[in-house]
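The structure appears right after this line, and notes come after that.
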Amino acid sequence: MPRITRVCLAGAVTALALTATACTGSGTSGANDDASKPSTITFWHPWSAPNEVKAIEANVAAFEKAHPNIKVKVVGNVDADKVNQALRAGGSNAPDVVASPETSNVGKFCSSGVFADLKPFLEKSKIDAEKTFPKPMLDYTQFEGTRCSLPLLGDAYGLYYNKTAFEKAGIKSPPKTLSEFKADAIKLTKTKGDSYSQLGFMPNFHGYEVTVPHLAAQWSPEYFTSDGKSNVAKDPAFKELLTWQQDMVKSLGGFKKLEKYRATFGDEWSAQNPLHTGQIAMNIDGEWRGGMMKDAGVDFEVGVAPFPVPDDQADTYGKGFLTGTIIGLASTSTKQNAAWELVKYMTTDTDAVVSFANAINNVPSTFEALKSPKLENDTTMQAFVKIAENPNSNTAPAAVNGSAYQETLQNFAYDFESGKAKDLDAGLKKTAEQIDTDIAKAK
Amino acid sequence: MTILHGHSAALRSKRRREGLRTLAFLSPWLIGFSVFFVYPLVSTVYFSFMKYDGFKPPTFNGLTNWTYVFSQYPFFWAAMSNTLWLVAIMVTARVIFGLGIGMLITKIKTGAGFFRTFFYLPYLAPPVAATLAFAFLLNPGTGPVNQLLGDLGLPQPGWFNDPTWSKPALTLLALWGIGDLMVIFMAALLDVPKEQYEAAELDGAGSWKRFRYVTLPNISPIVLFAVVTGVIQTMQYYTQPIIAGKTASGVIGAGAGQIYEPGYPGKSTLTLPQLVYTLGFQRFDTGSACVVALVLFALSMAFTALLMRRRSGLITVED
Amino acid sequence: MTNAVTAPPVSPAAPGPARATGRSPASRAARRQELLHWIAVHSLGIAAALFFVMPFVFILLTSLMDDRQALTSALWPRSWNWDNYATVWQAPGFLTWWRNTLIYAGLGTLLTVVSSIPVAYALAKFRFRGRRIAMMLVISAMMLPPQVIIVPMYLFWAKQMHLTGTLWPLIIPMAFGDAFSIFLLRQFLLTVPNEYLDAAKVDGCGELRTLLRIVIPLAKPGIAAVALFQFFYCWNDYFGPQIYASDNPAAWTLSYGLESFKDNHHTNWNLTMAATLLVMAPVIAVFFFAQKAFIEGVTLTGVKG
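Protein chains in written order, with the UniProt record's numbering: chain A, 1 to 443; chain B, 1 to 319; chain C, 1 to 305.
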């Protein structure tokens with residue numbers, strides 16, 4: 001190729017690149033459609049298990065019956081990355097309504113503008129969010145004052161314990177404080193050779209739901225200062241959590257020995273979860289575990305309780321980590337009023353919320369539904385509903401770059417537990433700096 | 001010159017016709033190359049200086065993305081050092097094993113076709129399927145491999161769950177799919193002139209000496225080819241580490257409230273292509289993704305240039 | 001090549017002196033040594049074959065277990081659950097993934113072959129200025145990791161063409177020549193003697209007719225290899241569908257769907273392994289039918305040039 005041609009080509013291509021990027025502006029608001037006219041909207045949800053898919057489809061069918069002019073095209077098994085990608089791409093394939101299981105992405109959804117602000121819709125429908133939804137759920141569905149999503153069922157975390165093992169070890173009731181928890185965990189641990197026949201609790205991170213955000217909730221931490229800077233080095237909660245975790249690791253046999261034991265566990269979502277098999281006697285997990293243990297047919301009695309709290313916060317016992325599915329409107333949608341009808345129905349209609357919660361073993365997300373007599377009343381669900389209602393229960397806040405700050409903190413925790421990082425204060429300080437750098441970059 | 005003058009008009013028109021003909025034959029690729037290579041490459045350079053989240057219009061932000069990736073993004077250097085490990089260990093292991101299997105297959109006299117088929121087959125296994133299968137086989141607690149190791153009283157590594165064993169586990173997967181190198185080496189070995197072996201034998205050379213002084217010099221260009229293409233393949237290493245990491249960490253598909261951790265365990269399986277995906281399609285930091293993409297570009301083109309160096313004779317560009 | 005494999009170039013087991021003297025005890029010793037060598041080589045071969053085959057065996061055995069047993073230490077199924085395969089086959093989406101994969105691989109292969117042949121022919125047989133550079137650019141494009149250009153390409157298909165959520169962003173570019181296929185075909189066409197082409201031209205064929213009548217029939221093995229490689233590339237592609245089709249389950253391919261099959265909350269390794277085998281099966285079947293073309297293709301990538 002002659003040099004001149006090449007230069008011309010490069011020039012033309014550059015011009016093309018510039019025009020390509022010039023027309024990538026944000027979507028225009030589409031709240032001009034008439035929700036009483038016939039229309040078809042597209043709804044994306046994250047569920048994939050057959051019983052969950054059946055439940056959501058039943059839910060949508062009930063909506064279509066109540067709104068015969070609106071048809072809903074349901075697309076399942078879509079995760080947050082795909083939602084982010086599709087909403088940015090726009091176009092005819094893009095959804096109008098999106099449900100996503102990752103609350104940590106709300107910051108990304110709200111701040112980028114891919115989810116529409118729901119304030120005008122709530123006002124129009126005369127819904128007082130504060131009186132409808134529990135506060136922690138309201139918190140994780142908004143970002144910096146912009147309400148771009150609503151809660152669609154919730155998840156709460158608590159303590160699952162093997163009642164049979166408790167009886168054998170002579171433990172009368174589930175632990176309430178972390179020091180009781182430690183004592184019980186040691187009592188429940190039986191070594192066998194250089195391994196265990198039963199472990200009280202698997203404290204290593206990667207021990208399934210044993211993650212920094214899930215455990216940190218017991219300290220009611222502040223992840224960010226009021227001016228939006230990372231607080232992980234200043235709030236003693238994080239130092240205390242990691243110190244506690246290290247102490248647990250040491251008292252139960254040390255990191256290496258525990259990791260070796262962890263490698264013998266089956267998959268978290270399989271019937272071979274170590275709690276099911278009796279390999280561990282206590283674990284932190286979400287409300288869905290109850291149903292899974294029932295399905296797996298475990299041969300011991302299962303107890304559920306709130307996860308213990310630090311000794312100096314004993315009066316807040318009963319709290320736990322909360323999260324849940326969120327639902328919102330695509331800002332690129334041209335049928336936002338019709339789409340809002342679906343969101344409103346799914347999030348605020350008590351019967352819809354209750355029947356969906358019953359079907360997929362999740363915690364309902366409105367005050368009315370939590371009180372509903374139709375809510376299935378098994379003891380597991382009752383315990384988790386209580387955790388969800390506890391005013392001290394909390395969640396990890398939304399950030400402009402999604403869950404990046406949690407990943408950074410968790411990565412430091414991995415380094416610290418394995419002994420790769422030794423200096424806790426310096427490490428947390430560096431972690432805070434990294435979080436600030438990432439957020440500044442994303443703003 | 002003057003004598004030929006009469007011909008020159010006809011010659012020129014013939015040249016022009018030939019030029020047009022060439023252009024016509026090349027046209028599909030010329031279009032493809034411009035639209036699917038040059039344009040995106042220029043565009044990648046452009047975006048590396050922009051702040052762009054894929055939604056709001058891009059704005060210029062100078063060298064911010066570059067300084068972020070090189071000095072503030074902890075995953076970048078982890079990915080670079082993993083790449084170095086893979087180049088040093090995995091590529092070497094593959095070349096040695098490929099040569100070994102190639103030599104073995106040329107020596108097998110009974111059932112050669114049968115052996116060749118079975119040696120070659122794993123190379124065809126779709127990477128997602130093969131990686132899922134290996135994640136199952138190498139499950140440290142319940143997989144059959146550790147089961148067998150335990151029965152034999154051997155240590156049971158953590159494989160895809162242990163940062164020191166995850167890359168060796170990937171190497172094992174890569175050795176399983178050795179079929180391509182096996183065939184290339186097999187063909188090269190059969191091309192070595194028999195007389196040279198016979199001469200060496202008459203000189204009383206043992207099998208190591210025959211390998212060292214006859215086989216190796218003859219196939220060294222192929223060894224070099226295997227090394228360089230191996231390095232370039234390592235630059236593109238994506239599907240296997242991403243599936244292995246997701247499967248072993250238990251985070252696959254839509255994990256409710258799970259923290260996705262690229263390069264599980266402990267960043268040990270992170271590669272540069274994964275960073276492009278994580279930055280560009282999970283964090284929507286388009287600019288930084290483009291910086292990593294350009295690093296990837298520079299590295300792969302450097303090694304490609306090595307392949308095409310005229311004297312190396314690896315890929316002959318002339319005919 | 002196959003003949004050469006069964007008849008290796010040398011018989012390294014026969015030592016020089018034995019052959020030179022030809023005395024009978026020595027030749028017996030030689031024969032014994034040859035036998036030992038045969039045993040050694042074939043034992044190694046069997047060991048290697050076990051390494052290559054055992055994963056398939058484990059996958060097959062696991063795929064037939066019930067889901068409780070699939071994660072226990074047992075290697076042998078306690079009951080043979082052939083219906084696992086029916087379950088996978090009927091799993092939501094599985095048939096769609098099959099159809100999409102066939103469309104992607106079929107159409108992609110067809111377009112690649114059609115668009116790459118003339119380019120490869122020109123690069124192999126035409127003399128023109130810039131031929132060397134053109135060839136170098138083809139090789140560069142061939143070696144370029146797809147991730148380098150993915151960000152702008154994605155924006156192009158999403159924002160300009162509005163084709164994300166489909167497989168078209170992966171198929172359409174194949175109508176414009178694929179660097180690897182061009183390279184491979186060009187290497188093959190170099191081996192076609194120019195005399196054939198000149199003879200055709202003497203007979204008054206234009207370039208296009210020469211290509212259709214002479215070159216393509218002669219290049220059949222090369223074309224077959226290219227087609228096979230492209231088919232397998234599409235079949236195995238994970239990154240492409242992940243980028244362009246992930247947000248629309250109706251457009252997923254087997255490689256991408258397989259990952260989601262092993263999805264959260266409901267991991268059954270027996271079913272995952274059954275699905276894994278079902279994804280591998282067609283590739284293996286095609287290989288058995290087209291082994292020769294395939295292996296010749298691999299050889300072509302490296303050696304001749």
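Positions of the beta carbon are idealized from the N, C-alpha and C atoms, including for glycine.
Do you know whose CA, among B:Phe-55, B:Phe-36 and B:Phe-60, lies nearest Phe-47 (chain B)'s CA?
B:Phe-60
Where Thr-239 (chain B) falls, given that 16 or more other Cβ within 10 Å makes a residue buried:
buried
Looking at chain C, is there any beta carbon in it that lies within less than 8 angstroms of the beta carbon of Ala-413 (chain A)?
no
Could you please give the first and the last residue of the uninterrupted alpha helix (DSSP H) stretch that includes Asn-270 (chain C)?
269-289
If we define contact as Cβ-Cβ less than 8 angstroms, is Lys-194 (chain B) a contact residue for chain A?
no
Does DSSP classify Lys-256 (chain A) as helix, strand or coil?
helix
Where does the unbroken alpha helix (DSSP H) through Ile-280 (chain A) begin, and where does it stop?
Careful: Ile-280 (chain A) lies outside any alpha helix (DSSP H), inside the beta strand (DSSP E) at 280-286.
Cβ closer than 8 angstroms: which chain B residues qualify as neighbours of Asp-139 (chain A)?
Here the premise fails: no neighbours, minimum Cβ distance about 15 angstroms.
When Cβ atoms are compared, which residues of the stretch 150-173 of chain C fall closer than 8 angstroms to chain B?
Ile-150, Val-151, Pro-152, Met-153, Tyr-154, Leu-155, Phe-156 and Pro-173
Might you give, ordered along the chain, the residues of its own chain that have their beta carbon closer than 8 angstroms to the beta carbon of Thr-437 (chain A), omitting 5 neighbours on each side?
none
Are the C-beta of Pro-249 (chain C) and some C-beta of chain A separated by less than 8 angstroms?
yes
8 angstroms is my cut-off, CB to CB: does Ser-116 (chain C) come that close to chain A?
no
Any heavy atom of the ligand NAP closer than 7 angstroms to the Cβ of Gly-266 (chain B)?
Among the components modelled here there is no ligand, and therefore nothing to report on the ligand NAP.
Please identify the residue among A:Glu-144, A:Pro-50, A:Asn-377 and A:Lys-71 whose C-alpha is closest to the C-alpha of Cys-110 (chain A).
A:Glu-144
Rounded straight-line distance, which links the Cα of Met-54 (chain C) to that of Val-114 (chain A):
49 angstroms
Within the stretch 157-230 of chain B, ranges of the beta strand (DSSP E) (whole runs, at least 3 residues):
none
Report the neighbours of Ala-48 (chain C) on chain B: residues whose CB is nearer than 7 angstroms to its CB, in chain order.
Ile-101, Leu-104 and Phe-119
What are the boundary residues of the alpha helix (DSSP H) that Leu-118 (chain A) is part of?
Leu-118 (chain A) -> no alpha helix (DSSP H), and no H or E assigned at all.
Are the C-beta of Arg-94 (chain B) and some C-beta of chain C separated by less than 8 angstroms?
no
Are the Cβ atoms of Ser-116 (chain C) and Ile-216 (chain C) separated by less than 8 angstroms?
no
List, in order along the chain, the chain B residues whose C-beta lies closer than 9 angstroms to that of Trp-252 (chain C)?
Within chain B, no residue comes near Trp-252 (chain C); the closest Cβ sits about 12 angstroms away, beyond 9 angstroms.
Looking at the unbroken beta strand (DSSP E) that takes in Gln-236 (chain B), where does it start and where does it end?
Taken as a continuous stretch (DSSP letters only), Gln-236 (chain B) belongs to no beta strand (DSSP E), as it is neither H nor E.
Consider the Cβ of Lys-234 (chain A): report whether some Cβ of chain B lies at a distance smaller than 8 angstroms.
no
Could you tell me how far apart the beta carbons of Arg-186 (chain C) and Ala-120 (chain C) are, in whole angstroms, since I believe they sit closer than 8 angstroms?
4 angstroms
List, in chain order, every chain A residue whose beta-carbon is nearer than 8 angstroms to that of Thr-142 (chain B).
Thr-264, Gly-266 and Gln-272
Asp-184 (chain A) (DSSP reduced to helix, strand or coil)
helix
Per the contact definition of three or more C-beta pairs closer than 8 angstroms, is the stretch 282-290 of chain A in contact with the stretch 199-217 of chain A?
yes
Apart from the five residues just before and just after Ser-197 (chain A), which ones in its own chain have a Cβ nearer than 6 angstroms to its Cβ?
Lys-190
Show which residues of chain B have a CB atom less than 9 angstroms away from the CB atom of Gly-113 (chain A).
Phe-55 and Lys-56
Buried or exposed: where does Gly-193 (chain A) fall if 16 or more other Cβ atoms within 10 Å of its Cβ makes it buried?
exposed
So Gly-303 (chain A) is in the beta strand (DSSP E); what residue range does that whole segment cover?
302-305
First and last residue of the uninterrupted alpha helix (DSSP H) at Ala-432 (chain A)
424-442
Which of the three DSSP states, helix, strand or coil, is assigned to Val-309 (chain A)?
strand
Counting contacts by CB-CB distance shorter than 8 angstroms, is Val-183 (chain B) in contact with chain C?
yes
Using Cβ-Cβ distances below 7 angstroms, what residues of the stretch 199-214 of chain A are close to chain D?
Protein chains A, B and C are contained in the structure displayed, whereas chain D is not.
In chain order, what residues of the same chain lie with their CB nearer than 7 angstroms to the CB of Val-283 (chain C), ignoring the 5 residues before and after it?
Phe-232 and Trp-235
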